[in-house]
Amino acid sequence: MADFKTELGKVTLKNPVMTASGTFGYGYEYAELYPLDKLGAVVVKGISLDPVSGNPMPRHAEITSGVINAVGLQNPGVEEFINGEKYLPFLRKSNAAAVINIWGKTINEYVEVAEILNEQNGITALEINISCPNIKEGGIAFGTDLKMANKVVSEIRKVTTLPLVTKLSPNVTRIADFAKTVVDAGSDMISLINTLTGMVIDIETRKPVLANKIGGVSGPAVKPVAVKLVHEVYNAVDVPIIGMGGIQNGSDAIEFMLAGADAVAVGTAVFSDPYAPLKVIEEIGQYLDRHNIKSVKDIVGRLESV
Amino acid sequence: MLTENAEIISNTKLKDEYYKVTFRASDIVSENILAGHFVHVKISGLEEKILRRPFSVFNVVKSDVLEIVYKVVGAGTKHFSSLEPGVKCNILGPLGNPYTYPVNSEIPVLVAGGYGSAAMYLIAKNSCNPGILLIGARNSKELILIEEYRQLGFKIKIATDDGSSGHKGLVTDLMEKYCKNQYKIYGCGPNPMMYTMVRMLNSRSVAGELSLDHAMCCGVGGCYTCVVKVKDGRGGWKYSRTCKEGPVFKSSEIYI
Numbered sequence: 018m019a020d021f022k023t024e025l026g027k028v029t030l031k032n033p034v035m036t037a038s039g040t041f042g043y044g045y046e047y048a049e050l051y052p053l054d055k056l057g058a059v060v061v062k063g064i065s066l067d068p069v070s071g072n073p074m075p076r077h078a079e080i081t082s083g084v085i086n087a088v089g090l091q092n093p094g095v096e097e098f099i100n101g102e103k104y105l106p107f108l109r110k111s112n113a114a115a116v117i118n119i120w121g122k123t124i125n126e127y128v129e130v131a132e133i134l135n136e137q138n139g140i141t142a143l144e145i146n147i148s149c150p151n152i153k154e155g156g157i158a159f160g161t162d163l164k165m166a167n168k169v170v171s172e173i174r175k176v177t178t179l180p181l182v183t184k185l186s187p188n189v190t191r192i193a194d195f196a197k198t199v200v201d202a203g204s205d206m207i208s209l210i211n212t213l214t215g216m217v218i219d220i221e222t223r224k225p226v227l228a229n230k231i232g233g234v235s236g237p238a239v240k241p242v243a244v245k246l247v248h249e250v251y252n253a254v255d256v257p258i259i260g261m262g263g264i265q266n267g268s269d270a271i272e273f274m275l276a277g278a279d280a281v282a283v284g285t286a287v288f289s290d291p292y293a294p295l296k297v298i299e300e301i302g303q304y305l306d307r308h309n310i311k312s313v314k315d316i317v318g319r320l321e322s323v
Numbered sequence: 299m300l301t302e303n304a305e306i307i308s309n310t311k312l313k314d315e316y317y318k319v320t321f322r323a324s325d326i327v328s329e330n331i332l333a334g335h336f337v338h339v340k341i342s343g344l345e346e347k348i349l350r351r352p353f354s355v356f357n358v359v360k361s362d363v364l365e366i367v368y369k370v371v372g373a374g375t376k377h378f379s380s381l382e383p384g385v386k387c388n389i390l391g392p393l394g395n396p397y398t399y400p401v402n403s404e405i406p407v408l409v410a411g412g413y414g415s416a417a418m419y420l421i422a423k424n425s426c427n428p429g430i431l432l433i434g435a436r437n438s439k440e441l442i443l444i445e446e447y448r449q450l451g452f453k454i455k456i457a458t459d460d461g462s463s464g465h466k467g468l469v470t471d472l473m474e475k476y477c478k479n480q481y482k483i484y485g486c487g488p489n490p491m492m493y494t495m496v497r498m499l500n501s502r503s504v505a506g507e508l509s510l511d512h513a514m515c516c517g518v519g520g521c522y523t524c525v526v527k528v529k530d531g532r533g534g535w536k537y538s539r540t541c542k543e544g545p546v547f548k549s550s551e552i553y554i
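Chains A and B supply the protein sequences, listed in that same order. When you number the first sequence by the working numbering, it's gap-free, plus one each residue, and the end is 323. When you number the second sequence by the working numbering, it's gap-free, plus one each residue, and the end is 554.
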């Protein structure tokens, strides 16, 4: 049995498989199916300073081998997240490593959320969402502008000692530049990819299917894009990388790890199979055993040249 | 809530585009399924369609048989209707917030549109008193499950858009005289019909329980793609998840 221990800088996880923010609620929704501490980490849906009601319906559509969504970061706000029994207190009791995804409409809002969470026990890391395509302010406005990306991360860095993960947008020309600038600003890790922006049209009504007109595409359809971007970031910076984008099984996860991801996240696949993250862990183990590899970290970045 | 690879025992056309599929699903059935619960089905053999499809439970037979009545509305349900006995589908369930059954002093009035009669059958089966089914459809060809309700002693009142059977008009036109205390009103049907019911019930201060229908991704409350507006208790509204806080809501909670 291979060693699954995964070291991401100061953070040690029991295995390299996490959930992806926005697909796994706050964890409690899935806890009836399996103990959350079987996962490397639970990454919760994005938390903002104030409660947010999100976008009008329809918020999603199924596409060939994927989903497009524009949920719009609906969330209960940071105070309720800290105090509401089913949110952070539940995660603490679950003993799962908890990564809290945060976002704001302004830099001040990001900083305030980070400051409030810095005082809380039981948080493994903060994931800074600068890449949500579904809200006008905040989110992707920070993730597609190099100066803003640097600024938001460096301001958050000043107020928290928690490990910081910055989640990058794939909707940029040179993702390596964004990776470098957020690492310069103090990000301890990088996660990618967030969703690719897209649009679906109903040809009978000639209207966009999503009320928000555009949304973010996820699922197996985006996997090759994600693997390539993870590899570009791996070649650009020297911090741990959490890779995601269409991972459904162990083979998909291994692709990301060979491309340079130290850990992976399983997102859209839980809609098809809520047990997908556990299946990915098991199948990574089978791959390692089959290749007689002792530790999961020994495959990270081990891509051979053509 | 659990998952099970359930085998199709039969999958036959009821009439028009409506089908009934019967699964052997002893694990799911052991979970105490109530009227209004739904199951999330991964339709086998559709690899490029990654989402499950939510269906209300129509009926539970013995300790291991689960029945669903569905309408072919798109590529997923079209393929579903082609699956033969022996094929297995992964089912997640039971899910959602169910109906509450009528107490002894209450006569249930079930207001059904389209395949809404499927989702309320377990209310009829578990009611102390036989009640009344008000059922509406576009035309007489789309009226389903009437005989099943009749066998439980339910009175049937029909409305069709084209007048091919019963009252010509909307099923909600038949509801007025049941907006009284001795009745307990339940609804399931297309969302515009549900909102008509909300307006009628709320303006008469009559309670009702309505099941709202939405496409969804996860089915368990994790993704927030299936939300509806409910009252927030402060004169405004908030979004609630059809899959978690619903699909059954009190009519007094639904915000219009």
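Positions of the beta carbon are idealized from the N, C-alpha and C atoms, including for glycine.
Counting only Cβ-Cβ distances below 9 Å, L50/A has contacts in chain B at M299, L300, T301, L390, V518, in chain order. Taken in chain order, the complete alpha helix (DSSP H) segments of 4 or more residues contained in the region 447-523 of chain B are 489-501. K224/A is outside the set of residues whose beta carbon lies under 9 Å from a beta carbon in chain B.
When the alpha-carbon of D162/A is set against those of L181/A, D194/A, R76/A, the nearest one is in D194/A. At a beta-carbon threshold of 8 Å, none of the residues of chain A lie near E305/B; the nearest stands roughly 18 Å away.
By the rule that beta-carbons nearer than 9 Å mark a contact, Y104/A does not touch chain B. Neighbours of E346/B in chain A, taken as residues at a C-beta separation under 8 Å, are given in chain order as T81, S82. Taking L213/A as reference, the option from K240/A, S204/A, D205/A, M206/A with the minimal CA-CA separation is K240/A. Under DSSP, W120/A shares a beta bridge with no residue. In terms of beta-carbon proximity, V401/B stays away from the interface with chain A, with every pair separated by 9 Å or more.
For the region 523-536 of chain B, the beta-carbon criterion of a distance under 7 Å to any beta-carbon of chain A is satisfied by T523, V525, K536.
Secondary structure of D20/A (DSSP, three-state): strand.
Interface annotation, K340/B: in contact with chain A, CB-CB separation under 9 Å. Between Y484/B and F336/B, the alpha-carbon positions lie close to 16 Å from each other. The C-beta separation of S354/B from A422/B comes to about 14 Å, leaving the pair out of contact by the 8 Å criterion. Contact between the region 424-438 of chain B and the region 367-380 of chain B is absent: fewer than 3 CB-CB pairs across the two stretches fall below 8 Å. Using a Cβ-Cβ cut-off of 9 Å, K466/B does not count as an interface residue toward chain A, since no Cβ of chain A sits closer than that to its own.
Following the DSSP letters along the chain, one finds N229/A in no beta strand (DSSP E), marked with neither H nor E. Taking the Cα of K347/B as reference, the smallest distance to any Cα among P488/B, T470/B, K376/B is reached at K376/B. Taken through DSSP and simplified to helix, strand or coil, H308/A comes out as coil. The DSSP-derived three-state label of T222/A is coil. For Y553/B, the closest of V367/B, V526/B, T540/B by C-alpha to C-alpha distance is V526/B. Counting only Cβ-Cβ distances below 7 Å, E300/A has no contacts in chain B at all, with the closest Cβ about 17 Å away.
Sorting D255/A, P237/A, P225/A by C-alpha distance to the C-alpha of T198/A places D255/A at the top.
Scanning chain A for C-beta atoms nearer than 8 Å to the C-beta of L349/B yields E79, V84, F288, S289, reported in chain order.
Counting of Cβ neighbours within 10 angstroms places N138/A among the exposed residues, the total staying below 16.
Here R350/B has H338, V339, K340, L390, G517 as same chain residues with Cβ atoms under 7 Å from its own Cβ, once five neighbours each way along the sequence are excluded.
For T198/A, the enclosing alpha helix (DSSP H) stretches over residues 192-201. Measuring C-alpha to C-alpha distances from L510/B to each of A410/B, P428/B, G531/B identifies A410/B as the nearest.
Within the same chain, A19, D20 come within 7 Å of S312/A by CB-CB distance, once the 5 residues on both sides are set aside. In the displayed model, E404/B falls within coil according to three-state DSSP, outside both helix and strand. Residue pairing from DSSP places E305/B in a beta bridge opposite R322/B, K386/B. Across the region 229-243 of chain A, CB contacts with chain B closer than 8 Å involve G236, P237, in sequence order along the chain.
If you ignore the 5 residues before and after Y45/A, its C-beta comes within less than 7 Å of the C-beta of K103, F107, all in its own chain and listed in chain order. Interface annotation for the region 371-391 of chain B against chain A: L390, criterion Cβ-Cβ distance under 7 Å. For I326/B, same chain residues with a beta-carbon under 8 Å away, outside a window of 5 residues either side, are L300, E302, A304, V337, L364, I389, G391, P392 in chain order.
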